[in-house]
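Beneath this line is the structure, given in structure tokens, with notes to follow.
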Amino acid sequence: SALNERRFPCRELPCSDDLSLAPANSNSAARYIPNVEFPLGELFMKKAMASTDPHGSPNTAVAVAANVAASAVEAAYEEGLARLKARAFERLELDERLEKLSEEVEQKITARVGRLQAELERKSSELERAKLESERLSQEKQDLEDKASELSRQVDVSVEMLASLKQDLVNKETELSHKQQEVSQIDQFLQETAAREANAKVRLQQFIEELLDRADRAEKQLQIISSCGTTPNGSLGRCSLQASKGTGRQRNSSLSGSTRGMYQVSERRSSPSTGASE
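Listed below in structure tokens is the structure:
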């Protein structure tokens with residue numbers, strides 16, 4: 001029963017130093033296999049029962065059992081050591097794979113981080129350029145808005161000035177129409193005045209001619225009367241009458257010429273006014 005209950009736990013077994021599995025320049029720490037229990041009692045009992053002679057003596061049986069036990073212990077040790085080596089190899093291979101995988105992952109992560117860092121720097125530079133461009137566009141937009149407001153103000157002022165000029169033009173046109181009406185009225189008045197003046201001149205000339213005729217007749221009658229009263233015979237009266245006729249004709253011609261000159265001067269004075277009115 002004691003042999004059956006006997007077990008050999010293996011607690012800590014350094015894989016790299018005891019088994020000589022790791023390389024000489026390896027910096028990895030010592031790895032340990034967890035506890036492994038081997039049922040040595042059961043193995044010894046089975047082997048002893050299989051190798052015991054049923055017809056032998058008890059002493060030989062004990063010796064045989066001891067030999068069997070020793071050989072079983074040695075076989076179990078060899079078997080356990082082989083299992084431990086196999087598991088150590090497996091664990092070491094697994095650790096190497098994990099280490100390689102971790103190195104590959106670390107390299108990939110480092111490369112990825114480097115690419116991301118370069119991409120981040122590129123994006124940062126692009127963002128900075130975009131900010132500068134945005135500020136420039138904002139400034140241009142503000143300048144354009146200021147110019148638009150200034151142009152709008154100028155347009156409003158121009159519209160107001162244009163409306164004022166249109167109103168002034170309307171007022172000037174109205175005033176011009178009034179002036180034209182006044183000029184036409186003045187022209188008409190001048191024409192009527194010139195016509196009345198010409199008519200008055202004609203009547204004045206006729207009146208002067210009548211006066212001259214009357215003066216001539218009166219002078220003739222006066223000469224006749226005076227000649228008849230002074231001379232008994234009519235010879236001297238006739239001479240005086242002829243002389244008075246000559247002098248009367250000269251006076252009449254001189255008066256008529258003077259009236260014609262006055263009429264021509266008045267016509268010349270009135271013609272510029274009529275021409276200006278026209």
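Reading the sequence shown from the start, the letters are residues 1 to 278 in the UniProt record's numbering.
By construction, the Cβ of each residue, glycine as well, lies at the ideal position given by its N, Cα and C atoms.
None of these values were measured; they are calculated from a predicted model.
Check: C-alpha gap between F207 and K201, whole angstroms; Outcome: 9 Å
Check: Alpha carbon of E79 to alpha carbon of V73, nearest angstrom; Outcome: 10 Å
Check: Alpha-carbon spacing of L94 relative to V113, whole angstroms; Outcome: 27 Å
Check: Cα-Cα separation between E197 and L169, rounded to whole angstroms; Outcome: 40 Å
Check: Whole-angstrom distance between N171 and S158, CA atom to CA atom; Outcome: 19 Å
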